[in-house]
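Trainee: Protein sequence lines, in the order shown, are assigned to chains G and R.
Quick note, the first sequence lines up with residues 1155 to 1269 if you use the working numbering.
Quick note, the second sequence lines up with residues 195 to 307 if you use the working numbering.
Heads up, the beta-carbon is just placed ideally off N, CA and C, and yes, glycines get one too.
Take a look at the following structure, please.
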Amino acid sequence: DGGITQSPKYLFRKEGQNVTLSCEQNLNHDAMYWYRQDPGQGLRLIYYSQIVNDFQKGDIAEGYSVSREKKESFPLTVTSAQKNPTAFYLCASSPLQGRSGNTIYFGEGSWLTVV
Amino acid sequence: GDSVTQMEGPVTLSEEAFLTINCTYTATGYPSLFWYVQYPGEGLQLLLKATKADDKGSNKGFEATYRKETTSFHLEKGSVQVSDSAVYFCALSTNTGFQKLVFGTGTRLLVSP
């Protein structure tokens, strides 16, 4: 089945550690995104990528890093510089960049908790 | 900048009641408008969308009409079910050369039997 797979579903991180969240899509979409969801704040864009080997910062990129070495993969690293990383992280993809009517499809999300 | 404002929740209804969740937006140009639904512990699913003024999006009994004159995209359903209990997000996407969704804060809907 086509879709977006995020892993792990739940992740616990100690203070000072970096963690990487995986996102893989088999929809052959060009664009991929990472969003962060906090209670009562909706979703905020962390990073996005329109093509392989290229990505741009979103609204809240500080303390995060990404890579886009393959079209189907867009991993997110939450670094120790991220002051409040506990949140629900959503990966997404869409078929064509530059068209506002295209649907963005979401994965099931990953819960990150700092302990 | 672009923004989306949704009515605060939770919205609590009995089964078969009529649902309205208000959504208004601020954007330059002519955005596309979306409603996404999130069930507990899951990601977001597209519920419906409209890409130009006066378009009506519809799916699973839900409807929303793109009203440019009032900058609104209110979600409605004539008869809700318990299974509709979820968080609903209104979002817009502007044609800036790259598609970026701007979300409202979400409205939780609770439907009781």
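DSSP state of R:V231, grouped into three classes?
Mentor: Strand, per DSSP.
Trainee: Whole-angstrom Cβ separation of R:A280 and R:V198, contact assumed at under 8 Å?
Mentor: Going by Cβ atoms, the distance from R:A280 to R:V198 rounds to 18 Å, so no, they are not a contact pair.
Trainee: What three-state label does DSSP hand G:D1208 in the structure shown?
Mentor: strand
Trainee: Suppose you measure from the CA of R:Y224 to the CA of G:Q1171; what does that come to, to the nearest Å?
Mentor: 43 Å
Trainee: Within 8 Å, do at least three Cβ pairs link the segment 239-251 of chain R to the segment 211-230 of chain R?
Mentor: yes
Trainee: So which residues of chain G does R:L303 contact, with C-beta pairs closer than 7 Å?
Mentor: Ordered by position in chain G, no residue passes the 7 Å Cβ test against R:L303, which lies about 15 Å from the chain.
Trainee: Taking the CB atoms as reference points, tell me whether G:F1242 and G:S1203 lie closer together than 8 Å.
Mentor: The answer is no: Cβ separation not under 8 Å.
Trainee: Give a yes or no on whether 8 Å exceeds the smallest Cβ distance from R:F256 to chain G.
Mentor: no
Trainee: Among G:I1200, G:S1176, G:K1168, which has the Cα closest to the Cα of R:V296?
Mentor: Here the closest residue by C-alpha is G:I1200.
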